[in-house]
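To keep things clear, I will list the structure first and then write my remarks on it.
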């Protein structure tokens, strides 16, 4: 008596027989994988770039107006609230931060672009960003600023010229400003470039701003202070026109704003769903055609005594083989697109193991669902009807 061929071996033989169909299936699954990776990559870049500034704050607590929603939707509050917080037991220091879009003139072609200016007290270490910390003393000079390495090209080749030793001077809101250093913050979906300057220089550039109104307050606690106890004390003392939260909660609120209050997060999630459906349809068409073409063979196997379970396993294994074969090139292509996008847009597009595993699982589920739909015809195959 001849030994039965194992389902996996039979699955591979059937796929290999129709090489054109196999290549189409691999291309289709790879395409779906690339779409899923891109949607997740852009979504991840959106969130990680949106909170880079938040994580750079050198303080355990953050104060803002109760009407502020995100970094691009701020409301100002009086700095008296911040100095009231300084009197709470456990507070080591407080630092105001001024934030506003101002007009930057490209020194190369003289075009004017909006740039996001950050005004800090240069006497305090407010931002844990290497370029800012090493050049803090330079900001004590009048009309000086630090430029963002992650800025897009429309703002000028500032980084290249500065690193080459060239003196960079330009106009900000029609005021002559000299660039004294570089730092790195990724652009976001709402901010194309950053500029860091002192609080005094900020108010000179942003003449429309009042000095007593600030956008964010950074609160640094003493090493032995209980963060939650200090936070509760501040929340009970301060009026309702401001809110205080931990730095981590501040970052979470920013992510929640982009995910729930804007259509961007929903759009990327929908893109993943669409990619999943596209891949499932492609795999279903391939498997259905394969089952239809080999229906006489399947019926013969059933007549020989092979159970439906064995035949179904053949089709499901075909689906998983296609999933793996399509996943490998799809991942490689996605990695290349990530790199190109990062260079072109400066967005932090990066692949991580968790995303790879998640897309692999989605691909396996997608292929399994398609196989489950395709095998319905196989279950009805009757040798008597076919022959």
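In this note's numbering, the protein residues as written are 2 to 388. For glycine and all other residues, C-beta sits at the position ideal for the given N, C-alpha and C.
With 16 as the cutoff for other CB atoms within 10 Å, does residue i come out buried or exposed?
| i | result |
| --- | --- |
| residue 209 | exposed |
| residue 241 | exposed |
| residue 227 | exposed |
| residue 341 | exposed |
| residue 1 | As displayed, the chain neither begins before 2 nor continues past 388, which places residue 1 out of reach and without an answer. |
| residue 100 | buried |
| residue 251 | buried |
| residue 319 | buried |
| residue 188 | buried |
| residue 16 | buried |
| residue 364 | buried |
| residue 289 | buried |
| residue 171 | buried |
| residue 293 | exposed |
| residue 344 | exposed |
| residue 362 | exposed |
| residue 337 | exposed |
| residue 175 | exposed |
If you drop the 5 nearest sequence neighbours on each side, which residues of the same chain put their C-beta closer than 6 Å to that of residue i?
| i | result |
| --- | --- |
| residue 283 | 29 |
| residue 80 | 97, 213, 215 |
| residue 36 | 276 |
| residue 1 | Outside the displayed range of the chain (2 to 388) lies residue 1, so it cannot be described from this structure. |
| residue 367 | 277, 280, 281 |
| residue 376 | 313, 316 |
| residue 106 | 113, 171, 172 |
| residue 123 | 137, 140, 141, 199 |
State the start and end residues of the unbroken alpha helix (DSSP H) segment that holds residue i.
| i | result |
| --- | --- |
| residue 141 | From DSSP, residue 141 is part of no alpha helix (DSSP H); its letter is neither H nor E. |
| residue 226 | Segment: none, residue 226 is in no alpha helix (DSSP H) and carries neither H nor E. |
| residue 264 | 264-294 |
| residue 86 | 80-86 |
| residue 46 | 20-51 |
How long is the line joining the alpha carbons of residue i and residue j, rounded to whole angstroms?
| i | j | result |
| --- | --- | --- |
| residue 333 | residue 44 | 19 Å |
| residue 18 | residue 339 | 35 Å |
| residue 353 | residue 154 | 28 Å |
| residue 233 | residue 335 | 46 Å |
| residue 331 | residue 207 | 48 Å |
| residue 68 | residue 244 | 9 Å |
| residue 221 | residue 93 | 6 Å |
| residue 130 | residue 54 | 9 Å |
| residue 126 | residue 95 | 11 Å |
| residue 150 | residue 160 | 6 Å |
| residue 359 | residue 274 | 13 Å |
| residue 5 | residue 49 | Low confidence applies to residue 5: its pLDDT is 49, below 50, so where it sits in the model is not reliable, and the reading given next is rough at best. So the alpha carbons of these two residues sit roughly 53 Å apart. |
| residue 268 | residue 163 | 39 Å |
| residue 204 | residue 246 | 26 Å |
| residue 235 | residue 75 | 21 Å |
| residue 329 | residue 305 | 37 Å |
| residue 128 | residue 200 | 13 Å |
| residue 423 | residue 255 | A query on residue 423 cannot be resolved here, the shown segment of the chain reaching from 2 to 388 and no further. |
| residue 23 | residue 31 | 12 Å |
| residue 230 | residue 88 | 14 Å |
How is the beta strand (DSSP E) around residue i delimited, first residue to last?
| i | result |
| --- | --- |
| residue 63 | 62-66 |
| residue 154 | From DSSP, residue 154 is part of no beta strand (DSSP E); its letter is neither H nor E. |
| residue 244 | 243-247 |
| residue 183 | 176-184 |
| residue 104 | 92-106 |
| residue 196 | 195-199 |
| residue 172 | 170-173 |
| residue 113 | 113-121 |
By Cβ distance below 8 Å, which residues in the same chain neighbour residue i in space, the five residues on each side in sequence not counted?
| i | result |
| --- | --- |
| residue 110 | 157 |
| residue 3 | Because residue 3 carries a pLDDT of 44, less than 50, the predicted location of this residue cannot be relied on, and the following value inherits that uncertainty. The answer is none, since no qualifying residue turns up. |
| residue 248 | 55, 56, 58, 60, 61, 62, 63 |
| residue 356 | 38, 41, 42, 45 |
| residue 192 | 72, 73, 117 |
| residue 147 | 132, 133, 136, 139, 140, 180, 181, 182, 183, 184, 196, 197, 198 |
| residue 169 | 108, 148, 159, 162, 163, 179, 180 |
| residue 85 | 238, 239 |
| residue 143 | 201, 202, 205 |
Excluding the five sequence neighbours on either side, which residues of its own chain have a C-beta within less than 7 Å of the C-beta of residue i, listed in chain order?
| i | result |
| --- | --- |
| residue 166 | none |
| residue 265 | 47, 190, 259 |
| residue 77 | 66, 214, 215, 216 |
| residue 14 | none |
Answer with yes or no whether the minimum CB distance from residue i to chain B is below 8 Å.
| i | result |
| --- | --- |
| residue 289 | Judged by its chain identifiers, the structure shown contains no chain B, having just a single protein chain. |
At least three beta-carbon pairs within less than 8 Å, the stretch 183-191 to the stretch 132-152:
The stretch 183-191, when compared against the stretch 132-152, does touch it at the 8 Å Cβ threshold.
Are the stretch 214-228 and the stretch 47-64 in contact at 8 Å, needing three or more beta carbon pairs?
Judged by Cβ distances under 8 Å, the stretch 214-228 makes contact with the stretch 47-64, as three or more pairs qualify.
Would you say the stretch 270-290 touches the stretch 62-82, given that touching needs at least three Cβ pairs under 8 Å?
Contact fails: fewer than three Cβ-Cβ distances are below 8 Å.
Count Cβ pairs between the stretch 307-323 and the stretch 369-377 that sit closer than 8 Å; are there 3 or more?
The count of Cβ pairs closer than 8 Å, one atom from the stretch 307-323 and one from the stretch 369-377, reaches three, so the stretches are in contact.
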